[in-house]
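Data first, discussion second: the structure below is written as structure tokens.
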Amino acid sequence: MADFPIDFAYLVGSWCAAVLWGVYGVLFGLCLWLVFNHGQLHPVQLTAMIALYVLATCHISLDFARLIQGFIYTDSGLDRIYFFSNVALHINVAKDFLYITSLILGDSVIVWRCWIVWRKKWLVVALPILMVTGEAIAGYVAIGKYLSPELATDTSVKPWGTAMFSVSLATNVLVTSLTAGRIWWISRTTNKLMAGGGTRSFAAITLIIESGLAMTIAKVIEFATFQIAFAGTVNMQAIYIMFELMPQLFGIVPTVIILSIQVGVTSSKAYSAGNGPRSFPRSNPYGSNSGEPNISSFGRRTPGNFPIVSVETNTYGDHHGSEIELGSKLGSKNSKLPNLERKTSTDSSLA
Numbered sequence: 204m205a206d207f208p209i210d211f212a213y214l215v216g217s218w219c220a221a222v223l224w225g226v227y228g229v230l231f232g233l234c235l236w237l238v239f240n241h242g243q244l245h246p247v248q249l250t251a252m253i254a255l256y257v258l259a260t261c262h263i264s265l266d267f268a269r270l271i272q273g274f275i276y277t278d279s280g281l282d283r284i285y286f287f288s289n290v291a292l293h294i295n296v297a298k299d300f301l302y303i304t305s306l307i308l309g310d311s312v313i314v315w316r317c318w319i320v321w322r323k324k325w326l327v328v329a330l331p332i333l334m335v336t337g338e339a340i341a342g343y344v345a346i347g348k349y350l351s352p353e354l355a356t357d358t359s360v361k362p363w364g365t366a367m368f369s370v371s372l373a374t375n376v377l378v379t380s381l382t383a384g385r386i387w388w389i390s391r392t393t394n395k396l397m398a399g400g401g402t403r404s405f406a407a408i409t410l411i412i413e414s415g416l417a418m419t420i421a422k423v424i425e426f427a428t429f430q431i432a433f434a435g436t437v438n439m440q441a442i443y444i445m446f447e448l449m450p451q452l453f454g455i456v457p458t459v460i461i462l463s464i465q466v467g468v469t470s471s472k473a474y475s476a477g478n479g480p481r482s483f484p485r486s487n488p489y490g491s492n493s494g495e496p497n498i499s500s501f502g503r504r505t506p507g508n509f510p511i512v513s514v515e516t517n518t519y520g521d522h523h524g525s526e527i528e529l530g531s532k533l534g535s536k537n538s539k540l541p542n543l544e545r546k547t548s549t550d551s552s553l554a
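Positions 204 to 554 (our numbering) are the ones given, in order, by the sequence shown.
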């Protein structure tokens, strides 16, 4: 296996992170514009989205400062490699602190999303919460070893890093499965009685699975490169590329989810025009006697003379704890088809 030295890894990783940060900035700005002009977002999601962007920006700023120090203010290649390998430098410790904080915040967001989808059942998210707590402890202990009076070694840091990466990967897979499975179970009962709901719920499930799969692949690569780098058998430092990329991915993935939902909501013709949140449907939203098609929360047309059931809004909408679990309402044998009013919420709890 060819060598991949640490200075080259930092250079490649910083360049890739800069590209992702530019993409992230555009997505973040567009998402904020849509939220504040055309929709609403849960305060938890809005706070997390802004915090993740701030953390990603601070991380890449420190990365650029470290590149300048390493490539401009060193006299030789050996000095440069020694500089980048010195994990005890304050700027490196600060970068790692931002990285781990972004990791914990990103995992906390998907756990919160799962909690909302499961109608705030703490028992369901008890294990994921413990897992996030465990990865936080492992990550910050690893940083603490860099600051200890005794110089940290690979053998002392590797167990904590392995624990953090593996637990984070398991948390991502578990929570994504719980969230997508819950939506599928609710829509399963709904689809037996009402037409058109399957497409909308399938879009929600696909969105969650694809986002979870993207993070899972990234974390698998990160875990593998970490094990190779700390094995000590080859000089393969590709892990530092992932260290630079991951803070951007932690923010890009949930931002893309929010943006996807906001675009679907704001493109709907069923919402009134004007300033402020588009949260009121036009008159005659179900198209009675008119046959005019409606637009679902994901921008798909549905028959005008049929009541609309939005599995996404009924499941994710957290309107003061008053959301209705549609599947349980339609599950009984003697229940009649309810005359449901469409909830025109844009409280996108998917991200």
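C-beta atoms are modelled at their ideal positions from N, C-alpha and C, and glycine is treated no differently.
Discussion item. Between ILE332, LEU410, ILE263 and GLY415, which has its C-alpha nearest LEU301's C-alpha?
Written reply: Here residue 301 refers to the residue found at position 98 when the sequence shown is read from its first residue. Here the closest residue by C-alpha is ILE263.
Worksheet entry | Cα-Cα separation, LYS298 to VAL327 | As a working mapping, residue 298 is identified with position 95 in the sequence shown. As a working mapping, residue 327 is identified with position 124 in the sequence shown. In this model, LYS298 and VAL327 are separated by some 33 Å (Cα to Cα).
Worksheet item: Between the Cα of PHE207 and the Cα atoms of LEU249, CYS261 and ILE284, which residue gives the shortest distance?
Response: One-based indexing of the sequence shown puts residue 207 at position 4. Nearest of LEU249, CYS261 and ILE284 to PHE207, Cα basis: ILE284.
Item to complete: Grab me the residues of VAL344's own chain with a C-beta within less than 6 Å of its C-beta, minus the 5 sequence neighbours each way, in chain order.
Response: Taking the first residue of the sequence shown as position 1, residue 344 is located at position 141. Cβ within range, chain order: TRP363.
Worksheet entry | Alpha-carbon spacing of LEU381 relative to SER279, whole angstroms | As a first step, residue 381 is located in the sequence shown; it is residue number 178 there, counting from the start. As a first step, residue 279 is located in the sequence shown; it is residue number 76 there, counting from the start. Each residue's alpha carbon lies about 52 Å from the other.
Fill in: Distance between beta carbons of LEU230 and VAL561, contact taken as under 8 Å
Because residue 561 is not part of the residues shown, which for the chain are 204 to 554, the question remains open.
Item to complete: Look at the Cβ atom of MET445, then the Cβ atom of ILE424, and state whether they are nearer than 8 Å.
Response: Within the sequence shown, the letter at position 242 stands for residue 445. Within the sequence shown, the letter at position 221 stands for residue 424. Closer than 8 Å, so yes.
Fill in: Best match in GLY273, TRP315 and GLY216 for proximity to ALA329 [C-alpha to C-alpha]
Here residue 329 corresponds to residue number 126 of the sequence shown, with the count starting at 1. The shortest Cα separation from ALA329 among GLY273, TRP315 and GLY216 belongs to TRP315.
Worksheet item: Which two residues bound the contiguous alpha helix (DSSP H) that contains GLN248?
Response: Start at 1 with the first residue of the sequence shown, and residue 248 comes out as number 45. 246–275 is the span of the alpha helix (DSSP H), which, as asked, contains GLN248.
Worksheet item: Considering only the beta carbon of each residue, do GLY273 and TYR349 sit closer than 8 Å?
Response: Here residue 273 refers to the residue found at position 70 when the sequence shown is read from its first residue. Here residue 349 refers to the residue found at position 146 when the sequence shown is read from its first residue. For GLY273 and TYR349, no; Cβs fall outside 8 Å.
Worksheet item: For PHE207, which beta-bridge partners are listed by DSSP?
Response: For the purposes of this step, residue 207 is identified with residue 4 of the sequence shown, where counting begins at 1. Beta-bridge pairing links PHE207 to MET439.
Worksheet entry | Exposure of ALA291, with buried meaning 16 or more beta-carbon neighbours within 10 Å | As a working note, residue 291 is residue 88 in the sequence shown. By the 10 Å Cβ count, ALA291 comes out exposed.
Item to complete: Buried or exposed for VAL422, please, with buried defined as at least 16 other CB atoms from any protein chain shown within 10 angstroms of its CB.
Response: Taking the first residue of the sequence shown as 1, we reach residue 422 at position 219. Note that residue 422 is Lys in the sequence shown here, rather than Val. Label assigned to LYS422: buried.
Worksheet item: Distance, Cα to Cα, ILE464 vs PRO457?
Response: As a position in the sequence shown, residue 464 is number 261, starting the count at 1. As a position in the sequence shown, residue 457 is number 254, starting the count at 1. Roughly 11 Å separates the two Cα atoms.
Item to complete: Specify the secondary structure class of ASP278 as computed by DSSP and reduced to three states.
Response: Here residue 278 refers to the residue found at position 75 when the sequence shown is read from its first residue. Of the three classes helix, strand and coil, the one that applies to ASP278 here is coil, per DSSP.
Worksheet entry | PRO331 to VAL312 span [Cα, whole Å] | Stepping through the sequence shown from its first residue, residue 331 is reached at position 128. Stepping through the sequence shown from its first residue, residue 312 is reached at position 109. Distance from the CA of PRO331 to the CA of VAL312, rounded to the nearest whole angstrom, comes to 11 Å.
Worksheet item: LEU223 and ILE455: beta carbons closer than 8 Å?
Response: Taking the sequence shown and counting its residues from 1, one reaches residue 223 at position 20. Taking the sequence shown and counting its residues from 1, one reaches residue 455 at position 252. Yes.
Fill in: Spatial neighbours of ILE346 in its chain, beta-carbon cut-off 8 Å, leaving aside the 5 residues before and after
The residue labelled residue 346 in the question sits at position 143 within the sequence shown. VAL296, ASP299, PHE300 and ILE303.
Worksheet entry | Own chain partners of THR428 with C-beta closer than 7 Å, once the 5 adjacent residues on each side are dropped | Here the question's residue 428 lines up with position 225 in the sequence shown. Excluding five sequence positions before and after THR428, the CB atoms of its chain that fall closer than 7 Å to its own CB belong to ALA441, ILE442 and MET445, given in chain order.
Discussion item. Tell me the DSSP secondary structure of GLN243 in three-state form.
Written reply: Taking the sequence shown and counting its residues from 1, the one referred to as residue 243 is at position 40. When DSSP states are grouped into helix, strand and coil, GLN243 belongs to the coil group.
Worksheet item: Can you name, in chain order, every residue of its own chain whose Cβ lies under 8 Å from the Cβ of LEU265, other than the five neighbours on each side?
Response: For the purposes of this step, residue 265 is taken as the residue at position 62 of the sequence shown. In chain order, ILE294, ALA297, LYS298 and LEU301 place their CB closer than 8 Å to the CB of LEU265, counting only its own chain and leaving out the 5 sequence neighbours on each side.
Fill in: Same chain only: Cβ atoms within 7 Å of LEU448, ignoring 5 sequence neighbours per side
Taking the sequence shown and counting its residues from 1, the one referred to as residue 448 is at position 245. These residues qualify, in order along the chain: GLY216, CYS219, ALA220 and LEU223.
Item to complete: Can you say whether ARG481 is buried or exposed, counting buried as having 16 or more other CB atoms within 10 angstroms of its CB?
Response: Indexing the sequence shown from 1 puts residue 481 at position 278. Bear in mind that a pLDDT of 38 at ARG481, under 50, signals an unreliable position, so the model cannot answer this.
Practice prompt. Take GLY165 and list the residues in its own chain whose beta-carbon comes closer than 6 Å to its own, dropping the five residues that flank it on each side.
Written response: A query on residue 165 cannot be resolved here, the shown segment of the chain reaching from 204 to 554 and no further.
Worksheet item: Are PHE194 and ASP210 closer than 8 Å when you measure CB to CB?
Response: No information on residue 194 is available, as it lies outside the stretch 204 to 554 that the chain covers here.
Worksheet entry | Nonlocal neighbours in the same chain, by C-beta distance under 6 Å from TYR256, ignoring five residues either side | Taking the sequence shown and counting its residues from 1, one reaches residue 256 at position 53. The residues are PHE231 and GLY454.
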